[in-house]
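K.L.:
Handing you this structure, nothing more for now.
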Amino acid sequence: MMVFFRFKPQSKQISMILHDHVIRMVELSHSTMEIRSYRERFLPEGIIRDGKVIERDTLSVILEECVEEWGIKGKRVVFLVPDTYLVLRNEKIPLSVADEDIKGYLYLEIGTSIMLPFKDPVFDYELIGQKSEHKEILLFAAPEEIVNDLSSLLESVSLHPEAADVTALSLYRLYYHTDQIDSQKPTLLIHCGVRAINVSVFYQHKPAFIRQVMMDAPQSNWDVVQTTRSSSTMRWIGDREELIEMVDESVTEIERVINFYHYSMNKSGQKIQRVFLSGDFPELPLLKKRLESTVEVAVQNAETNAIKDEEGNVLPLPYYGAYGLSLKGWKNVN
224 MMVFFRFKPQ SKQISMILHD HVIRMVELSH STMEIRSYRE RFLPEGIIRD
274 GKVIERDTLS VILEECVEEW GIKGKRVVFL VPDTYLVLRN EKIPLSVADE
324 DIKGYLYLEI GTSIMLPFKD PVFDYELIGQ KSEHKEILLF AAPEEIVNDL
374 SSLLESVSLH PEAADVTALS LYRLYYHTDQ IDSQKPTLLI HCGVRAINVS
424 VFYQHKPAFI RQVMMDAPQS NWDVVQTTRS SSTMRWIGDR EELIEMVDES
474 VTEIERVINF YHYSMNKSGQ KIQRVFLSGD FPELPLLKKR LESTVEVAVQ
524 NAETNAIKDE EGNVLPLPYY GAYGLSLKGW KNVN
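Offset between the sequence shown (1-based) and our numbering: plus 223.
Okay, structure coming up:
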């Protein structure tokens, strides 16, 4: 079975993200961790919907073209589990279960004492603490069908899937790698796409909370516009007032997530002290402005000039998720 979350970096390895509207790829130099290449391909509406592949044959043809054009045939690939299907749970494990036996214990207990909203999960965990009566873990799980469907699709276009990861962990890895994290301060990560927002809280290098906020706008309200010879962006072509209303509704949902964390999940007793905003949502400045008028903490743009490719070009913000994903497994960047 394919490894979920954990793997060691390999030569000839890439990271790939498949969203409803776009495919993005980042390749690092194996020896220096510098970015060798990054590419994207926007998708027509309906090929992927809420992270699930709908038009598999069409997507396969597009991926084959990308593999050929980007020169990545035969390379190992790590990809993201769609946020829509990810479950993050705090679970208690008996002290009698040795650390090396936790995986086996979870295999036995999932579906009996540990219930998930789907059958046949792919899962992993992280040991986060131990008390006098039990051990505490973070359990990550996703439907095996979804993960295997993406894995088999990548295999069909001459790629070799190595592992799956999640958006929040990939982004945190990037901020840690660029020295933007203070582990003693609860940190809120907001990653905004054109269809959904990933909201997560980290404290002491551990994810305490991950939620997804959907944005109620069809992909047809966005148009792809080429900005440079090698990159494009999306532009809102719907009613401007509808866009503002959608952003305000999303900010309200983010505020509810923050309040839920503060009053129900906050074991540290500290309020969120840092907020990072990233993503490929074309109206990020609008979202940032609305957020800063609602939350009590300054919202920091995640973009940094420290992330460059081998030729010295600054990595565009939409690639941050794929870059963080590509760092998984490197020494001191786990």
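Glycine included, each C-beta is placed from N, C-alpha and C at the ideal position.
Keep in mind that this is a model prediction, so the values were computed, not measured.
According to DSSP, simplified to helix, strand and coil, what is A431?
P.N.:
The answer is strand: DSSP assigns A431 an E or B state.
K.L.:
Select from F346, D280, K429 the residue whose C-alpha is nearest the C-alpha of K326.
P.N.:
Of the listed residues, the one whose Cα sits closest to K326 is F346.
K.L.:
Got a sec, what are the start and stop residues for the alpha helix (DSSP H) V245 sits in?
P.N.:
Element bounds for V245: not the alpha helix (DSSP H) but the beta strand (DSSP E), 245-251.
K.L.:
Using only CA atoms, which one of F363, Y399, A387 lies nearest to L373?
P.N.:
Of F363, Y399, A387, the residue nearest in Cα terms is A387.
K.L.:
Roughly how many angstroms lie between the CA atoms of V474 and G297, to the nearest whole one?
P.N.:
Rounded to the nearest angstrom, the two C-alpha atoms are 42 angstroms apart.
K.L.:
Would V498 and L411 qualify as a contact pair, given that the criterion is a beta-carbon distance under 8 angstroms?
P.N.:
Going by C-beta atoms, V498 is nearer than 8 angstroms to L411.
K.L.:
What's the C-alpha gap between P505 and M338?
P.N.:
Using only the alpha carbons, I get a separation of about 38 angstroms.
K.L.:
Going by beta carbon distance, what residues of the same chain come within less than 6 angstroms of S238, once the five residues before and after it are set aside?
P.N.:
If we look at S238 and ignore the five residues flanking it on each side, its Cβ neighbours are V249, V301, A545, L548, S549.
K.L.:
Given a cut-off of 8 angstroms, decide if L394 and Y543 are closer than it, judged by their beta-carbon atoms.
P.N.:
Yes, Cβ-Cβ distance for Y543 and L394 is below 8 angstroms.
K.L.:
Can you tell me which of the three DSSP states L538 falls into?
P.N.:
Three-state DSSP puts L538 in coil, outside helix and strand.
K.L.:
From the DSSP output, in three-state form, read off I271 for me.
P.N.:
Residue state, collapsed to three classes: strand.
K.L.:
Determine contact between the stretch 429-441 and the stretch 509-527, defined as no fewer than three beta-carbon pairs at a distance below 8 angstroms.
P.N.:
Contact between the stretch 429-441 and the stretch 509-527 is absent, because fewer than three Cβ pairs lie under 8 angstroms.
K.L.:
With 16 as the cutoff for other CB atoms within 10 Å, does V537 come out buried or exposed?
P.N.:
Exposed, because fewer than 16 other Cβ atoms sit within 10 Å of the Cβ of V537.
K.L.:
Can you tell me the Cα-Cα spacing of M224 and P267, whole angstroms?
P.N.:
At M224 the pLDDT is 29, less than 50, meaning the model places this residue with poor confidence; the figure from the coordinates comes in the next sentence. Those two C-alpha atoms are separated by around 32 angstroms.
K.L.:
Please name the residue or residues paired with S423 in a DSSP beta bridge.
P.N.:
Answer is L412, I433.
K.L.:
Do L510 and C415 come within 8 angstroms of each other at the CB atom, strictly closer than that value?
P.N.:
Cβ distance < 8 angstroms, so C415 and L510 count as in contact.
K.L.:
Does the beta-carbon distance from V422 to A431 come in below 8 angstroms?
P.N.:
No, Cβ-Cβ distance for V422 and A431 is not below 8 angstroms.
K.L.:
Tell me, please, which residues DSSP counts as bridged to Q353.
P.N.:
Answer is K358.
K.L.:
Going residue by residue through the stretch 296-379, where are the continuous alpha helix (DSSP H) segments of at least 4 residues, counting only ones entirely within it?
P.N.:
Correct list: 325-332, 367-379.
K.L.:
Can the beta-carbon of E287 be found closer than 8 angstroms to that of V370?
P.N.:
No. Outside cutoff.
K.L.:
Out of I360, E533, C289, E464, which has the shortest C-alpha to C-alpha gap to A321?
P.N.:
Of I360, E533, C289, E464, the residue nearest in Cα terms is I360.
K.L.:
Report, in whole angstroms, the separation of the C-beta atoms of E263 and E533, which I expect to be a contact under 8 angstroms.
P.N.:
Contact doesn't hold; Cβ gap of about 18 angstroms is too wide.
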